[in-house]
Each structure stands twice: as C-alpha cells, then as structure tokens.
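The numbers in the working numbering rise by one with no breaks, and the one at position 228 of the sequence shown is 277. Note that the Cβ used here is the ideal one computed from N, Cα and C, for glycine as well. Please read the structure below before turning to the comments.
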Amino acid sequence: MPTSMNEVMEVIRRYAPKNFAPKVGMILGSGLSSIAERIEHPVSIPFQAIPGLHGGSVAGHASLMVMGVLDGVPVICMRGRLHVYEGTPYDAIRTFVRIIKHMGCHSVLITGAVGSLRAEVGAGEIVMVDDHINFQPGNPLVGPNDESEGPRFFGLEEAYDVGLQDIMAAAAERLDITLHRGVYISVLGPSFETPAEIRAFRMWGADVVGMSVVPEVIVARHCGLRVACLAAVTNLAVGLSEEKLSHEGTLHFGELAAKKLVKLIPEFVKGAAEYGMV
Ligand code: HPA
50 MPTSMNEVME
60 VIRRYAPKNF
70 APKVGMILGS
80 GLSSIAERIE
90 HPVSIPFQAI
100 PGLHGGSVAG
110 HASLMVMGVL
120 DGVPVICMRG
130 RLHVYEGTPY
140 DAIRTFVRII
150 KHMGCHSVLI
160 TGAVGSLRAE
170 VGAGEIVMVD
180 DHINFQPGNP
190 LVGPNDESEG
200 PRFFGLEEAY
210 DVGLQDIMAA
220 AAERLDITLH
230 RGVYISVLGP
240 SFETPAEIRA
250 FRMWGADVVG
260 MSVVPEVIVA
270 RHCGLRVACL
280 AAVTNLAVGL
290 SEEKLSHEGT
300 LHFGELAAKK
310 LVKLIPEFVK
320 GAAEYGMV
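Here it is in structure tokens:
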C-alpha cells in the first residue's frame, strides 16, 4: 500500500508552528546540512517519526525535517535524504518530496555532493545543475500513478527552472561566488564509478556525477514543484586524479563547498521571494 499523504500531513501538522506557510523547500545532502543551523525558530521532526520514511543510515546526514525562517523567508529544510542505495523504496522517496508540495511550497532547492568530470572544476566548487541523465536503474514513479499528484506521463525538458537559475546566478554574482553550470548524471551507488564509466559519462555530456538528486527531481517535477539544484563538488571523478575516493573525503570537501552554500542559499531564497518565484 502506498503511504497516504493525508496520514503524513496529519503527523507533520501536529509539529508545525501555527499558521506556518513555507515558501521554499530544501533538500540538503552529505556535509551540506549546516545551512539548516541558520534557520530561526526551528521546529524539527525526525524522519523516522514521519509515516513512510526511515531514519537514514548515512554518516553526515542528520535525518531531520526542519521548519523555520531563513533570512525572513519561511522554509522547510530536509536535513539529509533517503538514497535508493540504502534500499529506500520509491514510495518513501515520493513521500519525502511530496511533503514539500503538501506543505504549500511551489519551489524546491535540491543540493548534493558530486564528483566532477571536468578537471578544471575541482573540490569545493559549486555547479548549478541545468539538466540531468538518469543512469539509475529505475524511476521513482514506476507503479500505479497517483493522479492527484500529477499525470502519468510528463516531460522533463525544463526540469531545472530557468527563472530560478537566473535568480541563483544573480545571487552568486552579488556574493562573488563562482557558479559553474552542468549536467548531472545519477548513478545508483554505493560503489563509486570505474574509470571506464567516467570516460563513457564524459562522452555522453555529463559534467558531474552523484548518487542522489535525480529521483527527487523527477518526483518534484511530476507534482509541479519548480526545481533549482546546486551540486557541491567534493572530488574529481575517478580516473581524473590520483586521490582515492571515500565518504570521509566527500564530507571534508562538502564542508568547503558548504561554506559557500551557507551564503549563497539564503541570498537565493531572498531573491526568489522578492521576484515572487517561490
Ligand atoms: N561519484 C558518485 N557520487 C559522488 C562522488 C563521485 O565521485 N562524489 C560525491 N558523490
């Protein structure tokens, strides 16, 4: 039985501050969740208290849904996420993203750690994702379609909202943060790629590789959320450098990128609120 969103929202409303009307949802990945610490008047719900979700099992992920105010804008922030490689059923990933819509948000900002396929874009850099290649062996919408959420078939030609990209680029410029753009290829993980896979992905036009983001983007677009996505480069993809890849390295370099995101995300949220884009 798919998780009932009514049941999910009933639980969340029990925790939510009175008259809380968030404008933007955020999903923050490995080592990137320090932004949530800037949220004022936070009210947190552990993922495992929400029907259909689990607590997550990845080091560096807090697994909390935080409701509060970021620089004057009411937001929801998912600190941590559920990955398909953890054995998370697609039902949980659908629920996880749809909560943001059911709370009343129109936009979601998704962040994640990635390896870079471009030698000139190294650890600590930020890439604004403008398209993706779904190389995970599945799609989170497989199974009966819930028509109340979105249509059975829908397009992904503008999966990453152009208006939100403009607002993000302007925010980065104001802060003097270099913002690269690129295509995200999603792999299932948890093993990192082989050098041959990375060579193939480069030929396909991918710029960064990661183990998350894409299932969430697909669910978000299905239910009509506008999507912006920032990828934090934690390493050069395998074969592009001598460094051995590790989750510890992901967390360390995630912190470097997080220092930029802690400034960029609130600036983006403010800009998006000003333009009425959220
Ligand atoms: N590959 C896949 N996922 C990742 C990587 C990588 O090199 N770095 C951070 N997440």
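Here the region 198-211 makes contact with the region 176-187; the two share three or more CB pairs at distances below 8 Å.
Taken through DSSP and simplified to helix, strand or coil, Pro264 comes out as helix. In chain order, Val236, Val258, Ala286 and Val287 place their CB closer than 7 Å to the CB of Glu242, counting only its own chain and leaving out the 5 sequence neighbours on each side.
At a threshold of 6 Å, Val258 counts as near the ligand HPA, since its beta carbon sits closer than that to one of the ligand's heavy atoms.
In its chain, beyond the 5 residues on either side, Ile175 and Ile226 have a beta carbon closer than 7 Å to the beta carbon of Lys309.
Residues of the same chain with a CB within less than 8 Å of the CB of Ala218, apart from the 5 flanking positions on each side, are Met177 and Leu228 in chain order. In the structure shown, the three-state DSSP call for Ser197 is coil. For the 7 Å CB-CB criterion, Asp120 and Lys319 form a contact. When only Cα atoms are considered, Ile61 and Ala168 end up about 44 Å apart. Collapsing the DSSP output to three states places Pro51 in coil. With contacts defined by Cβ atoms closer than 7 Å, Lys150 and Val327 do not form a contacting pair. About 6 Å separates the beta carbon of Ser261 from that of His132, a gap short enough to meet the 8 Å contact definition. Checking the 6 Å criterion, the Cβ of Thr299 is within range of a heavy atom belonging to the ligand HPA.
In this structure, Met116 is the residue among Gly173, Met116 and Val268 with its C-alpha nearest to the C-alpha of Glu89. Set against 6 Å, the gap from the CB of Val163 to the closest heavy atom of the ligand HPA is smaller. Around Gly101, the same chain offers Thr52, Val57, Asp140, Ala141 and Thr144 as residues with beta carbons nearer than 7 Å, after the five sequence neighbours per side are excluded.
Distances from the alpha-carbon of Leu224 to those of Phe317, Asn194 and Pro200 put Phe317 closest.
Distances taken from the Cβ of Thr283 to the heavy atoms of the ligand HPA include one shorter than 6 Å.
Inclusion of Phe241 in the 6 Å shell around the ligand HPA follows from its C-beta lying nearer than that to a non-hydrogen atom of the ligand.
Under DSSP, Thr160 forms a beta bridge with Leu279. As the crow flies, the alpha-carbon of Asn194 is around 6 Å from that of Arg201. With fewer than 16 neighbouring CB atoms inside 10 Å of its own CB, Glu86 falls in the exposed class. Fewer than three Cβ pairs drawn from the region 299-307 and the region 260-275 lie within less than 8 Å of each other, which leaves the two stretches out of contact. For Arg147, no beta strand (DSSP E) run applies; the uninterrupted alpha helix (DSSP H) run containing it begins and ends at Tyr139 to His151, by DSSP. For His90, the enclosing beta strand (DSSP E) begins and ends at Glu89 to Pro95. Annotation for Val276: Val157, Ile159, Ala208, Tyr209, Asp210, Val266, Ala269 and Arg270 place their beta carbon closer than 7 Å to its own, counting only its chain and skipping 5 residues before and after. Here DSSP, grouped into helix, strand and coil, assigns Gly303 to helix.
Within the DSSP bridge table, the entry for Leu119 names Val122 as partners.
C-alpha of Ala220 to C-alpha of Arg130: approximately 25 Å in a straight line.
When secondary structure is reduced to three states using DSSP, Ile216 falls in the helix class.
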